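Q:
Chains as they are written, first to last, in this note's numbering: chain A, 1 to 108; chain B, 109 to 222.
1) Pop quiz: residue 45 of chain A and residue 56 of chain A are said to be a contact at Cβ under 8 angstroms. What is the actual Cβ separation, rounded to whole angstroms?
2) Counting pairs of beta carbons, one from the segment 98 to 108 of chain A and one from the segment 141 to 161 of chain B, are three or more of them closer than 8 angstroms?
3) With a CB to CB cut of under 7 angstroms and the five nearest residues on each side skipped, what residues in its chain are close to residue 15 of chain A?
4) Spell out a yes or no on whether the segment 17 to 24 of chain A and the segment 35 to 42 of chain A are touching, meaning 3 or more CB-CB pairs, one atom from each, closer than 8 angstroms.
5) Which residue comes first and which comes last in the beta strand (DSSP E) that contains residue 200 of chain B?
6) If distances are taken between C-alpha atoms only, which option among A:103, A:91, A:9 and A:6 comes closest to residue 209 of chain B?
7) Using a Cβ-Cβ distance cut-off of 8 angstroms, determine whether residue 92 of chain A contacts chain B.
8) With a 10 Å radius around its C-beta and 16 neighbouring C-beta atoms as the bar for buried, classify residue 43 of chain A as buried or exposed.
9) Quick one: Cα of residue 198 of chain B to Cα of residue 174 of chain B, how far?
10) Hey, residue 219 of chain B and residue 194 of chain B: beta-carbon distance below 8 angstroms or not?
11) Excluding the five sequence neighbours on either side, which residues of its own chain have a C-beta within less than 7 angstroms of the C-beta of residue 85 of chain A, listed in chain order?
12) Please state whether the Cβ-Cβ distance between residue 204 of chain B and residue 114 of chain B is less than 8 angstroms.
13) Output, in sequence order along the chain, the residues in the segment 143 to 158 of chain B whose CB is closer than 9 angstroms to any CB in chain A.
14) Taking residue 12 of chain A as part of the beta strand (DSSP E), name the residues at either end of that continuous run.
15) By the DSSP assignment, the beta strand (DSSP E) with residue 218 of chain B in it spans what residues?
16) Using DSSP with H/G/I as helix, E/B as strand and the rest coil, what is residue 167 of chain B?
17) Is there a Cβ from chain B that is less than 8 angstroms from the Cβ of residue 12 of chain A?
18) Would the beta-carbon of residue 183 of chain B fall within 8 angstroms of that of residue 119 of chain B?
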């Protein structure tokens, strides 16, 4: 069945450093969504990518969807302590199948 | 104030007992979902429903049951057949399946079975 792999599982950075998480699917996706879950909270939608090669930016966050629509990345420039949390990608071929997430910790 | 509500936030049950988790939404969404979250395991789909009186099994449906008698409500029952029920359960809703629009998640219910 469809699988979505996400790496790394954990990332510890110093405040101000950049951060990237990668998402790879075993099959071509119709779209990919990214969510952020703060510690003790619930996932909150960040963005959806639909087109092959699409790049979207939200302030310090840059999201990319691969040309083959099988991979995606989220890059955060100059991390802040407010970026702490777990970032999930969700790939859709029908239902949304989530990766295991990347847990980001930021040291002030 | 629109949203998706799960209750209770924390739930304790004895082993062998069935327990029902509540999920209500007033977003007029057609689709509703139940996910289970374990440390390091991400979000795994238990059941989903596209319309009233219809639902489908997800990847880990064994030991769980659901109903969808009303559009707004999608309760999940964790039965005694579920071998490892202790987990964080998240309900979500969206405009439809396939999930081509954002999913709204509830606050979650943390179930502990002792």
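Even glycine gets a Cβ: it sits at the ideal position worked out from N, Cα and C.
Fair warning: this is a prediction, and the values are worked out from it, not measured in the lab.
A: With the given structure in hand:
1) With a beta-carbon spacing of about 13 angstroms, residue 45 of chain A and residue 56 of chain A fall beyond the 8 angstroms limit used to define contacts.
2) yes
3) 79, 80, 81, 106, 107 and 108
4) no
5) 195 to 202
6) A:91
7) yes
8) buried
9) 14 angstroms
10) yes
11) Excluding positions up to five away in sequence, the list reads 36, 37, 38, 39 and 104.
12) no
13) Hits within the stretch, in order: 143, 145, 148, 149, 150, 151, 152, 153 and 156.
14) Run containing residue 12 of chain A: 10 to 14, per the beta strand (DSSP E) assignment.
15) 217 to 221
16) coil
17) no
18) no
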